[in-house]
């Protein structure tokens, strides 16, 4: 199956400082190399390099979705001692050329996800 990647005015830039990702008040990721993805009509998304996220809280999900601008997203469920977050983490293992910088980066969403920034 040939994938079709459409063009859109998506901007990707380095996040300033260190980005901390918290799930249910516990830090699950922290990065000096986070990327902000600004897509018109969508909330600002922050992507952390996979190496900067705790692997022990990620459980692979079978869920897949397709974005015409970014490609096929794969998902993880967040699992900690206190909470589960089904499909609250996603990534693009083979992103469209337009968003190549987010390859091997994870994004998060959900009502128990919190982002914090700190100065370096």
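In full-length UniProt numbering, the protein residues as written are 1 to 120. We put the beta carbon where it would ideally sit given N, CA and C, even for glycine.
For residue 47 versus residue 5, is the C-beta spacing smaller than 8 angstroms?
The answer is no: Cβ separation not under 8 angstroms.
Going by alpha carbons, who is nearest to residue 111 out of 22, 10, 15 and 16?
Of 22, 10, 15 and 16, the smallest CA-CA separation from residue 111 is found for 22.
What is the DSSP secondary structure of residue 10, reduced to helix, strand or coil?
In the three-state reduction of the DSSP assignment, residue 10 falls in the coil class, being assigned neither a helical nor a strand state.
Do residue 102 and residue 93 have their C-beta atoms within less than 8 angstroms of each other?
Between residue 102 and residue 93, the CB-CB gap reaches or exceeds 8 angstroms.
Are the beta-carbon atoms belonging to residue 80 and residue 42 less than 8 angstroms from one another?
In this structure, residue 42 does not lie closer than 8 angstroms to residue 80 by Cβ.
Compare the Cα-Cα distances from residue 24 to each of 52, 82, 104 and 88 and report the closest residue.
Closest option to residue 24, Cα to Cα, is 82.
What does the Cβ neighbour count give for residue 100, buried or exposed, with the cut at 16 atoms within 10 Å?
With fewer than 16 Cβ atoms within 10 Å of its Cβ, residue 100 is classed as exposed.
Three-state class that DSSP yields for residue 106 in the structure shown:
The answer is strand: DSSP assigns residue 106 an E or B state.
Entirely within the UniProt domain "DUF427" (19–110) and at least 3 residues each: give me those beta strand (DSSP E) ranges in chain order.
Within the UniProt domain "DUF427" (19–110), the runs of beta strand (DSSP E) that reach at least 3 residues and sit entirely inside it are, in chain order, 26–31, 35–38, 45–49, 58–67, 71–79, 84–91 and 105–108.
By the DSSP assignment, the beta strand (DSSP E) with residue 114 in it spans what residues?
Residues 113–118.
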